[in-house]
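**Student:** Those protein sequences? They're chains A and B, same order as listed.
For what it's worth, the numbering used here labels the leading residue of the first sequence as 1, then goes sequentially.
For what it's worth, the numbering used here labels the leading residue of the second sequence as 258, then goes sequentially.
Here a beta-carbon is modelled for each residue, glycine too, at the ideal position from N, C-alpha and C.
Only a predicted model underlies this, so the values are computations on that prediction, with no experimental measurement involved.
2 protein chains.
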Amino acid sequence: MVKLGGSVITDKARYRSFNQESTDRLTREIASSGKQVVLVHGAGSFGHLLAHEHQLQRGYLKDSQRIGVAKVQQDVRDLNREVMLSLDRAGIPATSIPPGACALMEGGLLRKMDLGLFRRYLDLGIMPVTFGDVVLDAQKKFGICSGDQLMYLLAKEFHPKLIVFCADVDGIFTADPNLDRGASLIEKVDRSTLESIPRTSRVTDVTGSIYGKLESMLSLAELGKTTMVINGLAPGRLASALGCAKVKGSMVVGGQA
Amino acid sequence: MVKLGGSVITDKARYRSFNQESTDRLTREIASSGKQVVLVHGAGSFGHLLAHEHQLQRGYLKDSQRIGVAKVQQDVRDLNREVMLSLDRAGIPATSIPPGACALMEGGLLRKMDLGLFRRYLDLGIMPVTFGDVVLDAQKKFGICSGDQLMYLLAKEFHPKLIVFCADVDGIFTADPNLDRGASLIEKVDRSTLESIPRTSRVTDVTGSIYGKLESMLSLAELGKTTMVINGLAPGRLASALGCAKVKGSMVVGGQA
């Protein structure tokens, strides 16, 4: 299972961890691995911003949010389209499964998704691709379903041998490596790492608050799956990780180290 | 319930009944009607051609079809994207529900689709939009789900007051009005009309074989719903139909006239 992420919120500009060139390289690395992969990607920064503007994460507040729901869904589908076209260029038969069209949340938590569909596509040799989206919510009418929530649900169902998060830095750092020259890579991440980092959005892996992200990664690792964060911008790392070779990055380990 | 259709198969060119200008006019007509609408559209001619090339309608035959499944799905989503952008320009909050991501067929017949999702979006005031697509099949692994099959399932569930098919001619004719100057509009269409037309693709409403299309329309009418075929290229006709005004076109009537 591979997640392509994360994006940062910048000055209303569309910022993405991976441009077309690096996305194409990553999809080629997946293709050459020959591995069966479920692919998840984030909503992209523009989707995040627009969602924030319309307060979609709070659920239904007023009718004027409806056009926000539609616009954010369209925006994340546009990003998804770029990933799908890249998979096609890499020769990978893939199908897009937008959570907004098939999932249901409850109070902000992903509760229901037709995973049988994912299974059927996998059995056919067609790669299911899903992504962070605006999703219906049985309590709040709608909400934001993150790529990380999808990763968790999919991992519980499909028991992947390996879970790889492709970031745009080498892994989890003691500080933001883009701002702090003293930042060092944490090769083994566990719950004690989580407790040691200050709860601030300054300390980040360039995907927003690292705290919440690490929480989800630890939950995944605690399912007993090998979970790692690698640099998707470094050519060959994803291919090596999928080939089970040792690769620079952070291993996420369930429980205390 | 409105269907925007149909497309003809031409010389590998992408032919569509409605270009951006007419699609924008149609979505504005829907917006100005103030009616709650479920929108269905076809797969477009390019999708049809590609599907035919890979024999997707026959279900799984060989692995090489997988890339065909992916390509046709991408193609119909590209067409759907244009419709969604048009709805956005018309100020209609809408959501795209691709059958390939949420439906299941059985031996070529649409069997399962999460209609609760459509209901929730409708209740929120967000228009559900779906379309002809490559869909998983419990027997044949995959197949083609037509917009007409979707219309039937949705009509059975949602009991719409009105079902409108937007064609690119005035309705159902005694012959192809683009080829035969003697062709006349059939204002009331019933099972006897079906029996009277020769089973040939020459006699068409410019949407391929009219025979199969008429069959589906009659099934819809036999659910007891007012079903009509109008010319989507004629400005104001969809708006009039949605406003329950008398409009030029063909009424489809269940049972013998």
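(1) In chain A, which residues lie less than 7 Å from residue 383 of chain B when you measure between Cβ atoms?
(2) Can you give the Cα-Cα distance for residue 426 of chain B and residue 439 of chain B, rounded to whole angstroms?
(3) On the DSSP letters alone, give me the boundaries of the alpha helix (DSSP H) that residue 281 of chain B sits inside.
(4) Could you pull out every unbroken alpha helix (DSSP H) segment of at least 4 residues lying fully inside the segment 317-374 of chain B, listed in chain order?
(5) Would you say the segment 180-196 of chain A touches the segment 74-86 of chain A, given that touching needs at least three Cβ pairs under 8 Å?
(6) Using alpha carbons as the reference points, say which of A:159, A:94, A:71 lies closest to residue 30 of chain A.
(7) Taking a Cβ distance cut-off of 8 Å, strictly less, list which residues of the segment 135-149 of chain A are near chain B, in chain order.
(8) Is the CB-CB distance between residue 368 of chain B and residue 361 of chain B below 8 Å?
(9) Going along chain A in order, which residues have a C-beta closer than 7 Å to the C-beta of residue 357 of chain B?
(10) For residue 130 of chain A, report the span of its beta strand (DSSP E) as first-last.
(11) Using DSSP bridges, identify the partner residues of residue 430 of chain B.
(12) Taking 8 Å as the CB-CB limit, is residue 362 of chain B close to chain A?
(13) Give the secondary structure of residue 207 of chain A by DSSP, where H, G and I count as helix, E and B as strand, and everything else as coil.
(14) What three-state label does DSSP hand residue 146 of chain A in the structure shown?
(15) Tell me whether the beta-carbon of residue 291 of chain B lies closer than 8 Å to the beta-carbon of residue 63 of chain A.
(16) Mapping the DSSP letters down to three states, classify residue 413 of chain B as helix, strand or coil.
(17) My output table needs one value for residue 398 of chain B: the three-state DSSP class, helix, strand or coil.
(18) CB residue 232 of chain A to CB residue 26 of chain A, shorter than 8 Å?
(19) Look at the Cβ atom of residue 349 of chain B, then the Cβ atom of residue 385 of chain B, and state whether they are nearer than 8 Å.
(20) Helix, strand or coil for residue 459 of chain B, going by three-state DSSP, please let me know.
(21) Using 10 angstroms around the beta-carbon of residue 17 of chain A, count the other beta-carbons present and answer buried if the total reaches 16, otherwise exposed.
(22) For residue 374 of chain B, decide whether its Cβ has a neighbour in chain A, counting only Cβ atoms nearer than 8 Å.
(23) Since residue 153 of chain A and residue 1 of chain A are thought to touch, with beta carbons under 8 Å apart, how far apart are those beta carbons, to the nearest angstrom?
(24) By a C-beta neighbour count over all protein chains shown, 10 Å radius and 16 as the cutoff for buried, is residue 323 of chain B buried or exposed?
(25) Please confirm whether residue 191 of chain A has its beta-carbon closer than 8 Å to some beta-carbon of chain C.
(26) Closer than 7 Å by C-beta to residue 431 of chain B: which residues in its own chain qualify, once you throw out the five before and the five after it? Chain order, please.
(27) Is residue 305 of chain B helix, strand or coil by DSSP?
(28) Would the beta-carbon of residue 58 of chain A be found less than 7 Å away from any heavy atom of the ligand GTP?
(29) Suppose you measure from the CA of residue 28 of chain A to the CA of residue 21 of chain A; what does that come to, to the nearest Å?
(30) Buried or exposed for residue 161 of chain A, going by 16 or more other Cβ atoms inside 10 Å?
(31) State yes or no: is the beta carbon of residue 341 of chain B nearer than 8 Å to at least one beta carbon in chain A?
(32) Determine, using beta carbons only, whether residue 77 of chain A comes closer than 8 Å to chain B.
(33) For chain B, check one thing: does any of its Cβ atoms lie closer than 8 Å to the Cβ of residue 12 of chain A?
(34) Please compile the residues from chain A whose C-beta is within a distance smaller than 8 Å of the C-beta of residue 330 of chain B.
(35) The beta strand (DSSP E) that contains residue 296 of chain B, what's its start and end?
**Tutor:** The structure says:
(1) Listed along the chain, the chain A residues whose CB falls inside 7 Å of the CB of residue 383 of chain B are 66, 69, 70.
(2) Cα to Cα, residue 426 of chain B sits roughly 15 Å from residue 439 of chain B.
(3) Judged by DSSP secondary structure, residue 281 of chain B falls within the alpha helix (DSSP H) whose first and last residues are 277-290.
(4) List check, alpha helix (DSSP H) in window: 322-346.
(5) Result no; under three Cβ-Cβ pairs closer than 8 Å.
(6) Of the listed residues, the one whose Cα sits closest to residue 30 of chain A is A:94.
(7) If the cut-off is 8 Å between Cβ atoms, the segment 135-149 of chain A has 136, 141, 142 near chain B.
(8) Going by C-beta atoms, residue 368 of chain B is nearer than 8 Å to residue 361 of chain B.
(9) Chain-ordered, the chain A residues with CB closer than 7 Å to the CB of residue 357 of chain B read 95.
(10) Where residue 130 of chain A is concerned, the enclosing beta strand (DSSP E) stretches over 127-131.
(11) Residue 430 of chain B is bridged to B:442.
(12) Chain A, which has no Cβ nearer than 8 Å to the Cβ of residue 362 of chain B, makes this no.
(13) Since pLDDT at residue 207 of chain A reaches only 38, below the 50 mark, its modelled position is unreliable, and the value read off the structure follows with that caveat. Residue 207 of chain A falls in the coil class under three-state DSSP.
(14) DSSP places residue 146 of chain A in coil when its eight states are reduced to three.
(15) No, they are not a contact pair.
(16) Residue state, collapsed to three classes: helix.
(17) Strand at residue 398 of chain B.
(18) The answer is yes: Cβ separation under 8 Å.
(19) No; because the gap between Cβ atoms is not below 8 Å, this pair is not in contact.
(20) Note that residue 459 of chain B scores a pLDDT of 41, beneath 50, so its modelled location is shaky; the value from the coordinates is reported in the next line. DSSP places residue 459 of chain B in coil when its eight states are reduced to three.
(21) Around the beta carbon of residue 17 of chain A, a 10 Å sphere encloses 16 or more other beta carbons of the protein chains shown; the residue is thus reported as buried.
(22) At least one chain A Cβ lies under 8 Å of residue 374 of chain B.
(23) 11 Å between Cβ atoms; not a contact.
(24) Around the Cβ of residue 323 of chain B, a 10 Å sphere holds 16 or more other Cβ atoms; the residue is buried.
(25) Protein chains in the displayed structure are A and B, and chain C is not among them.
(26) Hits under 7 Å: 440, 441, 443.
(27) Helix.
(28) No copy of the ligand GTP appears in this structure; indeed no ligand is present at all.
(29) Here the alpha carbon of residue 28 of chain A sits roughly 11 Å from the alpha carbon of residue 21 of chain A.
(30) Label assigned to residue 161 of chain A: exposed.
(31) Yes, because at least one Cβ of chain A sits closer than 8 Å to the Cβ of residue 341 of chain B.
(32) So yes, residue 77 of chain A belongs to the interface.
(33) For residue 12 of chain A, the pLDDT reaches just 33, beneath the cut-off of 50, and the residue's location in the model is therefore unreliable, leaving the point undetermined.
(34) The contacting residues are 95, 96.
(35) Unbroken beta strand (DSSP E) run through residue 296 of chain B: 296-298.
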